[in-house]
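Here's the structure, in structure tokens; my notes come after.
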């Protein structure tokens with residue numbers, strides 16, 4: 015699937031390098047309004063304007079207008095990302111993947127501990143519910159949110175091919191990717207930038 019837009023919230027790709035307490039703190043603090051210290055300013059990651067007050071998202075800052083523009087239709091104000099789309103899509107049960115909480119958390123596209131928090135938040139917002147068989151199911155509100163984020167990223171209604179767990183099934187790997195000929199001369203060094 016080809017992404018048609020880059021105008022949506024994203025989790026940092028190197029989030030797993032942080033300790034769990036920091037990740038939880040950043041996750042719980044997302045969307046909180048903050049004021050810059052006296053004599054300092056924040057740079058909005060969307061408009062690139064300098065601002066005195068902003069909302070935070072994992073170290074990035076957004077003006078209220080930019081934040082509102084990045085919110086997805088039918089999300090109820092919840093900042094949806096591709097990870098939430100994976101969780102909601104797996105819970106929709108439109109393919110052969112299990113809908114157990116454990117499977118969904120591990121295949122959300124982010125570290126399972128954050129997947130756990132996301133599932134809890136999506137249940138709180140009424141997007142997911144737990145069935146008698148201990149599986150997660152999509153609510154009608156969740157269906158609207160799922161289609162909203164799918165339309166934002168791919169400009170079409172949700173289909174299972176959009177899920178991270180299904181991409182390898184539908185996309186043929188290139189020969190270079192299968193050979194594993196990437197540069198490992200730096201060893202296990204983490205790239206922070």
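Residue numbers (our numbering): 15 to 207. Note that the Cβ used here is the ideal one computed from N, Cα and C, for glycine as well.
- As computed with DSSP, residue 114 is found in a beta bridge with 149.
- Within the DSSP bridge table, the entry for residue 64 names 57 as partners.
- In the three-state reduction of the DSSP assignment, residue 130 falls in the helix class, which pools H, G and I.
- 132 is the residue among 85, 132, 22, 93 whose C-alpha sits nearest the C-alpha of residue 37.
- Membership of residue 98 in any beta strand (DSSP E) is not indicated; the residue belongs instead to the alpha helix (DSSP H) covering 96-106.
- In the three-state reduction of the DSSP assignment, residue 74 falls in the strand class.
- Counting every other CB atom within 10 Å of its CB across the protein chains shown gives residue 172 a total of 16 or more, marking it as buried.
- Nearest neighbour of residue 119 by Cα position, chosen from 136, 86, 24, turns out to be 136.
- Going by C-alpha positions, residue 33 is about 29 Å away from residue 112.
- Using a C-beta cut-off of 8 Å, the segment 57-77 makes no contact with the segment 149-163, since fewer than three inter-stretch Cβ pairs fall below that distance.
- Going by C-alpha positions, residue 175 is about 42 Å away from residue 50.
- C-alpha of residue 151 to C-alpha of residue 102: approximately 8 Å in a straight line.
- Burial is judged here by how many other beta carbons sit within 10 angstroms of a residue's own beta carbon; residue 128 has at least 16 and is buried.
- Counting the other CB atoms within 10 Å of its CB gives residue 87 a total below 16, which places it among the exposed residues.
- One Cα belongs to residue 179, the other to residue 96, and the distance between them is close to 12 Å.
- Around the Cβ of residue 79, a 10 Å sphere holds fewer than 16 other Cβ atoms; the residue is exposed.
- Residue environment analysis places residue 53 among the exposed positions, since fewer than 16 neighbouring C-beta atoms fall within 10 angstroms of its C-beta.
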